[in-house]
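What follows is a set of notes on a single structure, which appears directly below.
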Amino acid sequence: MVPRLNVFDSPANSQDDIIQSRPIDLTGKAHERFVTVTALLYLTDPVRAPEEIPRLVCFDIFDFKDNAEELGFRTWVRNLPLLASLDAGSHFAQFIPHVQWASRGRWMYSEHLERLFGLEDGTLPSWLKYVYKLGRYFAATKAMLKLAVKQRSIFVGIRIEAIEAPKPENFSLGTQREPLLTMLKKIAPSDPEALREKLGQTWLTTDPETKLRRACKLTLVVHAEMQLLSFYDHRPHLTPRLLFMGTSKKACYLCNEFMSRHPLNIGVSASHQKIYPAWMSPPCHASVRKQQKARLWELSRHLEQAAVRDLETRLGIRRPMTMDSTAGPSLTTTGTISSGFWSRDSNLGELETDEESASFITQSMKSTSVQEDGVEM
C-alpha cells in the first residue's frame with residue numbers, strides 16, 4: 001500500500017518522449033493517510049511550514065535628489081506596481097521582461113530599497129526578497145553564458161530538454177467525521193483524545209478536526225526534484241555520471257527524504273526541511289512501479305514515526321522560519337555545497353568564483369542535472 005502512484009498509458013518510445021501520465025488512484029485510503037500525516041507534521045512543526053508571501057501594494061514615488069543614480073532608481077521603482085499586478089499563476093513569459101529589471105534592483109539599488117523598505121528588526125519584507133530572487137535568474141543566465149565561453153569542452157554536444165510537469169490533482173479528506181482522531185488512534189493509540197485536545201491548544205482552536213480538514217484541502221503537485229528522478233527512472237541509460245542536482249530552491253523535507261531512499265542517491269546542495277502537504281509522488285511506469293511502491297511505503301512509515309516523535313517531544317515549540325532559497329546573498333554566506341565537490345575536476349576548479357558565477361551553481365532557474373550527453377531541466 002502506498003500514498004499514490006501514477007502510471008503511464010504506454011511505455012516511452014524514445015529518450016525524447018516527454019513524460020505523459022494518467023493518474024490512477026491505486027490505494028485511496030493509504031493516500032489519504034499519507035496526506036493527513038503530512039498535514040499533521042506541517043501543523044505541528046511550524047519551521048517546516050512555507051512562508052506566505054504577502055501581495056505587494058502600490059506606493060508613491062519618493063522625492064530624491066536629482067543625481068543620476070537616484071533618478072535611475074526613481075525610474076526603476078515605477079515598475080513595481082506593474083510586477084505586483086501579476087497573478088501568482090501568470091505564465092512565465094509574463095515575468096521575462098521583469099528579470100533584468102529585478103537584477104538591477106538587486107545589484108544597483110539594493111541600498112536604496114533596503115533603506116526605504118527594510119523592517120525595524122533589520123530583515124527585508126517578503127515582496128523584496130521576491131524581487132531579488134527574480135533578479136537571480138538574470139545572473140544565472142549570464143553565469144551560464146560565461147561558463148560556456150570559458151569551458152567550451154563541457155558544453156560540446158549538450159542538449160537542454162524541458163520536462164513537462166504532471167498536472168496537479170485536487171485532494172480533500174473523505175467523509176470521516178473525525179479524521180484527526182482516527183489518525184491519532186492509529187499512530188499514537190495510548191491517549192488519542194487527550195492528544196487531540198493538546199493539539200487544539202497548540203493550534204489555538206477549539207476545533208482541531210476542522211483545522212486539519214482545512215489543511216488537507218489541497219492541490220497536489222510534483223516537485224521539480226521528483227520530476228527529474230522520474231525522468232531517470234524511466235531512462236536509466238541517460239543517468240549522469242555527475243550525480244548532483246542543481247535547484248533554484250533548497251529541497252523540501254519530503255523531497256530530501258525520498259531522494260535519500262532512491263538508489264541513484266543524487267545529491268542536492270541543501271534541504272530547508274519545510275513540509276509541503278501538497279507534495280505528490282512522481283509519475284511511475286509499470287516497469288519501476290514495484291520499486292517506487294516500496295520507497296513510498298517506507299517514506300509513509302517514516303512520516304508516521306516522525307509525527308509520533310514530534311507529538312511527544314516538540315509539540316508547541318516554535319522555531320525560526322528558514323529560507324527556501326538564498327534569494328540574493330552570495331554563495332560565500334549561504335552556500336552549502338561541499339567544499340570539495342566542484343574541485344574534483346581541475347578545469348572546474350579553475351573557474352572564477354565571483355558572485356555571478358557562483359550563483360549559477362546553486363541558483364539555477366529550474367532543477368537541473370548536468371551530464372555528458374546533455375542537460376535535463
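Everything in the sequence shown is counted per the UniProt record's numbering, starting at 1 for the first residue and increasing by one. Using N, Cα and C, we set each Cβ at its ideal position, and we do this for glycine too.
Original post:
Quick one: Cα of E111 to Cα of R289, how far?
Top reply: Approximately 52 Å between the Cα atoms of the pair.
**OP:** Indicate, with yes or no, if the ligand NAD has a heavy atom lying under 6 Å from the CB of A143.
**Re:** Annotation note on the ligand NAD: not contained in the displayed structure, which lists no ligands.
Original post:
I think Y132 touches V99, with their Cβ atoms under 8 Å apart; what is that distance to the nearest whole Å?
Top reply: About 12 Å; that fails the 8 Å criterion.
Original post:
Looking at L218 and A278, is the spacing between their C-beta atoms short of 7 Å?
Top reply: Contact annotation: A278 and L218 have beta-carbon atoms nearer than 7 Å.
Subject >> Collapsed DSSP secondary structure at Q251 in the structure displayed >> reply: This sequence places Ala at residue 251; Gln is not what is there. It is a strand residue.
Original post:
For S230, is the classification buried or exposed, using 16 other Cβ atoms within 10 angstroms of its Cβ as the cut-off for buried?
Top reply: buried
Original post:
What's the gap between the Cα of A358 and the Cα of K146?
Top reply: Confidence at A358 is low in this model, with a pLDDT of 29, below 50, so the placement of that residue is unreliable and no value is reported for it.
Original post:
Does DSSP put P97 in a helix, in a strand, or in coil?
Top reply: helix
**OP:** Can you grab the Cα-Cα spacing for the pair A327 / K250, in whole Å?
**Re:** Low per-residue confidence applies at A327: pLDDT is 46, beneath 50, and the placement is therefore not dependable, though the value from the model is reported in the following sentence. For A327 and K250, the distance between alpha carbons rounds to 11 Å.
**OP:** Buried or exposed for S281, please, with buried defined as at least 16 other CB atoms from any protein chain shown within 10 angstroms of its CB.
**Re:** S281 should be labelled buried.
Subject >> Local conformation of P189 per DSSP, three classes >> reply: coil
**OP:** Identify the continuous alpha helix (DSSP H) that holds T219 and give its terminal residues.
**Re:** Per DSSP, T219 belongs to no alpha helix (DSSP H); it is in the beta strand (DSSP E), L218 to L220.
Original post:
Which residues share a DSSP beta bridge with F244?
Top reply: DSSP output for F244 lists G267 as bridge partner(s).
Original post:
Counting only runs that start and end within the region 275-313, where is the beta strand (DSSP E) found for 3 or more residues in a row?
Top reply: Listed in chain order, there is nothing to give.
Original post:
CB A102 to CB L134, shorter than 7 Å?
Top reply: yes
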